[in-house]
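Report on one structure; see the data block that follows.
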Amino acid sequence: MTTPQDNRIDGKEFAARVRATVQAQTAILIRDHGLKPGLAVVLVGEDPASQVYVRNKARQTNEVGMRSDEIRLDASASQAEVLAVVDRLNADDGIHGILVQLPLPEQIDETAVLDRIDPAKDVDGFHVINTGRLQVGLPALVPCTPRGCMMMLHDRLGDLSGLHAVVVGRSNIVGKPMAMLLLQANCTVTIAHSRTRNLPDLCRGADIIVAAVGRPHFVQGDWISPGATVIDVGINRVPREDGKTRLVGDVDFAAAVGHAGAITPVPGGVGPMTIACLLANTITAACRAAGIEEPKV
Ligand code: NDP
477 MTTPQDNRID GKEFAARVRA TVQAQTAILI RDHGLKPGLA VVLVGEDPAS
527 QVYVRNKARQ TNEVGMRSDE IRLDASASQA EVLAVVDRLN ADDGIHGILV
577 QLPLPEQIDE TAVLDRIDPA KDVDGFHVIN TGRLQVGLPA LVPCTPRGCM
627 MMLHDRLGDL SGLHAVVVGR SNIVGKPMAM LLLQANCTVT IAHSRTRNLP
677 DLCRGADIIV AAVGRPHFVQ GDWISPGATV IDVGINRVPR EDGKTRLVGD
727 VDFAAAVGHA GAITPVPGGV GPMTIACLLA NTITAACRAA GIEEPKV
């Protein structure tokens, strides 16, 4: 008998498996090719959430045996200074992935900075070249969160051909690339957004629901057809009764878990996969730069 516990997709455990694979691949690249993948993270200013995130990235990059560079600039840094850092990293052969932590201070033009990153080192997959390559089905560096969601879906469902997927949200960093990847996997894809009519009924017809809305508990339990797979990308901080805060997703998990065939919790679902996929993207970028096939483990 399936209990609600059985249908949870454990993102923490899954991400640990991805990191173990990346660690083994890194060791093979160093041993067989003298290639040590390198990831550089650029942090401008002192946003507390960004600092925690960057610290976690650096720790995990080191743990898997990669080179980890961290470049910190003052909150008052000029556009020219940030671009100069990107140019220097673009020219550094030991760096295969560059990530500029967002948000950037308001005096910096985010698009100009992201567009300056060499597309071959764009491990966040936000450069317009990678977005375009994904769209036309050419090899691209794919945004980390959608890549992680696809890994979890394939792990649970295997072949996704013919399944109807509803992606709620159309942002450039989650919704759109997610929809493209599902389409590439031969799903029939519906992209929903704030102007979509009759969203509950659309969701009820879905085999897969990906929620990337940014609204706590937005997707209701009775929107989910029995056995559907639910991937909750949302990370929302809401007040607790004791005055502190807690994280919840875009799906009403307590209501949804009894309907779904499989579902990611928040926290502990999609979130941990993002850094793991950043490391996986760095392996991809390093191998492509060196003209060697990505090692399997
Ligand atoms: P955005 O705010 O950029 O996009 C939200 C999307 O939701 C928009 O396309 C918007 O539609 C749509 N939307 C808003 N209200 C409704 C509604 N009432 N009905 C249907 N659609 C609606 O958010 P992101 O994509 O950047 O992030 C989404 C969530 O995922 C957030 O909670 C974020 O914190 C989280 N996130 C988690 C990550 C992780 O590592 N797990 C990584 C990135 C994000 P419209 O376009 O019409 O405005």
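Under the numbering used here, think of the first position of the sequence shown as 477, with each following residue one higher. Glycine included, each C-beta is placed from N, C-alpha and C at the ideal position. This structure is a prediction, so every number in the text was calculated from the model and none was measured.
Cβ-based neighbour list, residue i, same chain, cut-off 6 Å, excluding 5 preceding and 5 following
| i | result |
| --- | --- |
| V589 | V558 and V576 |
| S701 | R680 |
| E546 | V517 and A534 |
Status (buried if at least 16 other CB within 10 Å, exposed otherwise) for residue i
| i | result |
| --- | --- |
| N606 | buried |
| H693 | buried |
| V644 | buried |
| P480 | Model confidence at P480 stands at a pLDDT of 49, short of 50, so the residue's coordinates are unreliable and nothing is read from them. |
| V612 | exposed |
| Q583 | exposed |
| S670 | exposed |
| T705 | buried |
| A491 | buried |
| P748 | buried |
Close Cβ partners of residue i (< 7 Å) along its chain, the five nearest in sequence each way excluded
| i | result |
| --- | --- |
| M477 | Note that M477 has pLDDT 42, beneath the 50 cutoff, so the model's placement of it is unreliable and the number below is only indicative. Here the set comprises nothing. |
| T768 | Per the sequence shown, the amino acid found at residue 768 is Ile instead of Thr. Counting only Cβ-Cβ distances below 7 Å, and skipping sequence neighbours, we find H509. |
| R713 | T721 and L723 |
| V665 | A641, V643, A655, L658 and L659 |
| L610 | A616, V618, P653 and M656 |
Three-state secondary structure assigned by DSSP to residue i
| i | result |
| --- | --- |
| R716 | coil |
| T672 | coil |
| I684 | strand |
| D708 | strand |
| S526 | helix |
| E770 | coil |
| T497 | helix |
| A491 | helix |
| T740 | coil |
| L519 | strand |
| V644 | strand |
| R691 | coil |
| I667 | strand |
| D677 | helix |
| D482 | helix |
| L511 | coil |
Beta carbon of residue i nearer than 9 Å to that of residue j
| i | j | result |
| --- | --- | --- |
| A682 | V727 | no |
| C620 | N757 | yes |
| T740 | I707 | yes |
| V733 | N483 | yes |
| L515 | I574 | yes |
| I667 | R646 | yes |
| P653 | G601 | yes |
| C763 | L511 | yes |
| A655 | G697 | no |
| A765 | H572 | yes |
Same chain, Cβ closer than 8 Å to residue i, five either side skipped, listed in chain order
| i | result |
| --- | --- |
| L636 | L629, H630, L658, A661, N662, C663 and I684 |
Minimum Cβ-Cβ distance from residue i to chain D less than 9 Å
| i | result |
| --- | --- |
| R609 | The structure shown contains no chain D; it holds only a single protein chain. |
Hey, which unbroken runs of the beta strand (DSSP E) at 3 residues or more fall wholly within the region 568 to 641? 573 to 576
Around the ligand HEM, which residues pass a check of Cβ closer than 7 Å to any of its heavy atoms? Ligands in the displayed structure: the ligand NDP; the ligand HEM is not one of them.
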